[in-house]
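A.B. asks: What follows is a structure written as structure tokens; I'll ask about it next.
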Amino acid sequence: MDKWKKRLSSAIDQGRAALDKRNSQGTASSSNYPGQQQPIQGNPSSAAPQGQPVGPPQGQDQPVQANPGSGPIIPKTKREPEILGLVGDPSLNRDSGGSVRFGDRLLWTYRDTQLCNSDGSVNMLPIITSTASWSDYESDGRPKIERGRDPLNSVILRQYGKNSHDESFFPSPGKHLCHSPAGNRDDGTRIALWPNQPPLVTSETNDGNITAYTWVPAAHINQSLGVETENPSTILYKTEYHPSRFHGRDSLPKTKIVAEQFWKQGEIAYGAYGTLVHNGYAWLWGQWDHKTALARVRPHEVENRGAYEYWVHGRWTRDMPKLGQDGVEIQNANAGGQGTYFFNKHWNAYTWIGGDIFPGAETYVCTAPEPQGPWTQAVQIYTGPRGNHALGAYSVQAHPDMVPRNSTKNEMYITYTKNDEAQKGEIAGYTTPLVYIEFE
Numbered sequence: 001m002d003k004w005k006k007r008l009s010s011a012i013d014q015g016r017a018a019l020d021k022r023n024s025q026g027t028a029s030s031s032n033y034p035g036q037q038q039p040i041q042g043n044p045s046s047a048a049p050q051g052q053p054v055g056p057p058q059g060q061d062q063p064v065q066a067n068p069g070s071g072p073i074i075p076k077t078k079r080e081p082e083i084l085g086l087v088g089d090p091s092l093n094r095d096s097g098g099s100v101r102f103g104d105r106l107l108w109t110y111r112d113t114q115l116c117n118s119d120g121s122v123n124m125l126p127i128i129t130s131t132a133s134w135s136d137y138e139s140d141g142r143p144k145i146e147r148g149r150d151p152l153n154s155v156i157l158r159q160y161g162k163n164s165h166d167e168s169f170f171p172s173p174g175k176h177l178c179h180s181p182a183g184n185r186d187d188g189t190r191i192a193l194w195p196n197q198p199p200l201v202t203s204e205t206n207d208g209n210i211t212a213y214t215w216v217p218a219a220h221i222n223q224s225l226g227v228e229t230e231n232p233s234t235i236l237y238k239t240e241y242h243p244s245r246f247h248g249r250d251s252l253p254k255t256k257i258v259a260e261q262f263w264k265q266g267e268i269a270y271g272a273y274g275t276l277v278h279n280g281y282a283w284l285w286g287q288w289d290h291k292t293a294l295a296r297v298r299p300h301e302v303e304n305r306g307a308y309e310y311w312v313h314g315r316w317t318r319d320m321p322k323l324g325q326d327g328v329e330i331q332n333a334n335a336g337g338q339g340t341y342f343f344n345k346h347w348n349a350y351t352w353i354g355g356d357i358f359p360g361a362e363t364y365v366c367t368a369p370e371p372q373g374p375w376t377q378a379v380q381i382y383t384g385p386r387g388n389h390a391l392g393a394y395s396v397q398a399h400p401d402m403v404p405r406n407s408t409k410n411e412m413y414i415t416y417t418k419n420d421e422a423q424k425g426e427i428a429g430y431t432t433p434l435v436y437i438e439f440e
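If you use the UniProt record's numbering, the sequence shown corresponds to residues 1 to 440, in order.
See the structure below:
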């Protein structure tokens with residue numbers, strides 16, 4: 001085991017060094033904003049659902065742009081990012097958490113989850129492919145953070161909520177695909193229904209009812225975590241939140257399947273890599289072979305594949321491109337690993353924060369005047385401490401909805417998964433460090 005860990009660590013370090021060398025040789029043109037590209041006029045539906053859709057009124061196709069001629073935004077931190085403590089529910093051991101504002105609370109979604117005993121040890125079974133939780137805000141709109149003495153061992157943002165132990169938050173379509181809650185198949189392989197992003201809120205009514213969507217690939221893996229099916233189909237989930245129907249603060253929203261194969265095997269999984277609602281559109285990034293593509297759709301038409309537009313050869317088209325087709329890749333739209341897209345009002349720019357293609361807590365940021373680019377080359381802004389497990393850290397995500405809406409600071413909260421060997425029992429323990437970053 002020790003030899004395997006050393007080999008893995010060495011391979012990661014060598015790969016990261018090669019990536020750093022490649023980035024240092026990037027051309028200046030990749031970091032510049034040329035003349036602004038205006039999106040074509042969309043074809044919004046005249047009928048919108050009841051409630052208040054996110055973004056401007058339907059039918060107003062506002063230009064998506066930053067300040068023309070302002071030049072590229074090269075982010076710099078104001079001071080060294082600070083680990084505040086851990087986010088967590090002490091009863092759960094889980095990784096890869098993302099968050100989104102649902103009413104007056106944050107909704108969190110995670111990947112593989114195990115149950116913890118009162119002494120902190122972790123039960124091997126059940127494994128639940130996804131769970132959710134709530135966390136609270138302070139009255140000023142910041143996360144409700146408690147004081148902790150040791151940032152890497154103190155839970156300072158507490159999560160709560162009642163999860164099922166028999167079914168995951170993003171449920172399995174049925175036994176024809178895999179068994180709940182872990183996604184096991186009869187042949188010994190697994191369908192890992194792991195969310196890369198939290199739900200994308202597309203509408204919120206005056207009485208607090210919320211509709212949100214999540215695209216989750218039906219990742220087919222073996223017992224060694226090897227890929228059994230390349231570019232699998234993608235499930236579209238719908239999460240609905242009705243506060244008036246809740247029976248206590250621990251109740252979680254309900255999630256159901258809209259389409260088991262919204263994106264079919266061999267198609268680009270738009271929305272599975274990144275999502276954002278801004279300027280009247282849901283922007284959906286998809287990845288294949290570490291390359292990134294972009295689609296858009298009106299928020300109230302997410303379930304209608306025919307309403308989607310795709311960025312191909314520098315323009316929007318209704319014709320969905322094929323996997324690997326020329327003119328589809330969005331250059332420099334991320335650093336390759338898991339991350340989060342959001343709109344930064346201080347820079348007036350679309351922004352991505354996340355990790356690179358290697359396990360670790362190296363954190364990068366890049367910006368663009370429009371979702372389709374041109375994106376600046378990602379710059380590293382932080383490296384968090386890893387755990388002592390072979391895969392000591394991964395899943396860097398930003399949390400824009402933790403920042404107060406009226407904040408005058410250019411600030412952000414990020415998390416990542418830290419993975420340590422077991423202190424009690426035999427199962428490795430996941431923690432979620434919360435890091436505060438302020439930009440110049």
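Ideal Cβ placement from N, Cα and C applies to all residues, glycine included.
Source: prediction; values computed, not measured.
(1) Taking Ala192 as the reference, which of Val201, Pro171, Ala368 has the closest Cα?
(2) Could you name the residues of the same chain whose beta carbon sits closer than 7 Å to that of Ile73, not counting the 5 residues immediately before and after it, in chain order?
(3) Can you tell me whether Asp401 is helix, strand or coil according to DSSP?
(4) If you run the structure through DSSP and keep just helix, strand and coil, what is Lys349?
(5) In the DSSP output, which residue or residues are listed as bridge partners for Glu228?
(6) Return helix, strand or coil for residue 441, following the three-state DSSP convention.
(7) In angstroms with no decimal places, state the Cα-to-Cα distance between Glu362 and Ile414.
(8) Shortest alpha-carbon distance to Pro126 belongs to which of Gly384, Ser180, Arg190, Ala269?
(9) Counting Cβ pairs, one atom from each stretch, are 3 or more of them under 8 Å apart for the region 221-232 and the region 138-152?
(10) Could you tell me the distance, in whole angstroms, from the CA atom of Ser244 to the CA atom of Gly97?
(11) Helix, strand or coil for Glu204? Go by DSSP, reduced to three states.
(12) Going by C-alpha to C-alpha distance, which of Asp104, Ile427, Lys175, Gln114 sits closest to Asn163?
(13) Mind reading off the beta-carbon distance from Val258 to Tyr237? Whole number of angstroms is fine, and I expect it under 8 Å.
(14) Quick one: grab the DSSP three-state call for Ser244.
(15) Once DSSP output is grouped into helix, strand and coil, what is the label at Glu167?
(16) Classify Thr234 as buried or exposed, calling it buried when 16 or more other Cβ atoms lie within 10 Å of its own Cβ.
(17) Using three-state DSSP, classify Glu411 as helix, strand or coil.
(18) State the DSSP-derived secondary structure class of Glu301, mapped to helix, strand or coil.
(19) Please report how far the alpha carbon of Trp352 lies from the alpha carbon of Ser91, in whole angstroms.
(20) Quick one: what does DSSP say Glu80 is sitting in, helix, strand or coil?
(21) What separation, rounded to the nearest whole angstrom, lies between the Cα atoms of Val435 and Ile83?
(22) For Tyr273 and Val365, I'd like the C-alpha separation in whole angstroms.
(23) Classify Lys418 as buried or exposed, calling it buried when 16 or more other Cβ atoms lie within 10 Å of its own Cβ.
(24) Classify Glu267 as helix, strand or coil using the three-state DSSP reduction.
(25) Evaluate Phe439 with the Cβ neighbour count: other Cβ atoms within 10 Å of its Cβ, from every protein chain shown; 16 or more gives buried, anything less gives exposed.
(26) Quick one: is residue 446 buried, meaning 16 or more other Cβ sit within 10 Å of its Cβ, or exposed?
(27) Return the bridge partner residues of Phe343 from the DSSP annotation.
(28) Using a Cβ-Cβ cut-off of 7 Å (strictly less than) and excluding sequence neighbours within five positions of Gly88, which residues of its own chain qualify?
(29) Rounded to the nearest angstrom, what separates Asp104 and Trp134 at their Cα positions?
(30) Taking the Cβ atom as the reference point for each residue, do Ala269 and Gly248 lie within a distance shorter than 8 Å?
(31) Taking the straight line between their C-alpha atoms, what separation do you get for His220 and Arg190?
(32) Verify the contact flag: Lys238, CB atom, against every heavy atom of the ligand ADP, threshold strictly below 7 Å.
(33) Give the straight-line distance between the Cα atoms of Pro374 and Asn332, rounded to the nearest whole angstrom.
(34) By the three-class DSSP mapping on this structure, what secondary structure does Val54 have?
(35) Need the endpoints of the beta strand (DSSP E) that Ala192 sits in, please.
(36) Could you pull out every residue in the same chain whose Cβ sits closer than 6 Å to the Cβ of Phe262, ignoring the five residues on either side in sequence?
C.D. replies: Quick answer:
(1) Pro171
(2) Trp347, Ala349, Thr367, Thr376
(3) helix
(4) Checking the sequence shown, residue 349 turns out to be Ala, not Lys. Reduced to three states, the DSSP call for Ala349 is strand.
(5) In DSSP, Glu228 forms no bridge with anything.
(6) Any property of residue 441 remains undetermined from this structure, which presents the chain solely from 1 to 440.
(7) 12 Å
(8) Ser180
(9) no
(10) 27 Å
(11) strand
(12) Gln114
(13) 7 Å
(14) helix
(15) coil
(16) buried
(17) strand
(18) helix
(19) 32 Å
(20) coil
(21) 4 Å
(22) 16 Å
(23) buried
(24) coil
(25) buried
(26) Nothing about residue 446 can be read from this structure; the chain reaches only from 1 to 440.
(27) Tyr350
(28) Val155, Gln159, Thr431, Thr432
(29) 10 Å
(30) no
(31) 6 Å
(32) The ligand ADP is absent from the structure shown, which contains no ligand whatsoever.
(33) 8 Å
(34) With a pLDDT of 43 at Val54, under the threshold of 50, the modelled position of this residue cannot be trusted; read the value that follows with caution. Reduced to three states, the DSSP call for Val54 is coil.
(35) 190-192
(36) Thr234, Leu236
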